[in-house]
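S.K.: In my numbering, the protein residues as written are 36 to 108. Idealized CB from N, CA, C, for every residue including glycine.
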């Protein structure tokens, strides 16, 4: 599952980088994906929207077994 999650994140990464940010995949355990937002994404007021409506949605649609996305600070 880790590799599948990594593939989806790699497809989303250019959009984050374009806005001055990035995302780091920290791990996947029992369907819970843990990430850390970097750069401009760390303090962006839209970071929750980016995580839930963007990254989490894409993961749930493309990687069977993903249940949730958690942000680690």
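Is the beta carbon of residue 107 sitting closer than 8 Å to the one on residue 53?
M.R.: It is not a contact, given that the beta carbons lie outside the stated cut-off.
S.K.: Between which two residues does the alpha helix (DSSP H) containing residue 53 stretch?
M.R.: Segment 37 to 53, the alpha helix (DSSP H) holding residue 53.
S.K.: Opposite residue 90 in the DSSP bridges: which residues?
M.R.: Paired residue(s): none; residue 90 is not in a bridge.
S.K.: Indicate whether the contact test is met: 3 or more Cβ pairs, each with one atom in the stretch 55 to 70 and one in the stretch 90 to 104, closer than 8 Å.
M.R.: Segments in contact, yes.
S.K.: Can you name, in chain order, every residue of its own chain whose Cβ lies under 7 Å from the Cβ of residue 60, other than the five neighbours on each side?
M.R.: Same-chain partners within the cutoff: 40, 41, 44 and 70.
S.K.: What does the Cβ neighbour count give for residue 83, buried or exposed, with the cut at 16 atoms within 10 Å?
M.R.: By the 10 Å Cβ count, residue 83 comes out exposed.
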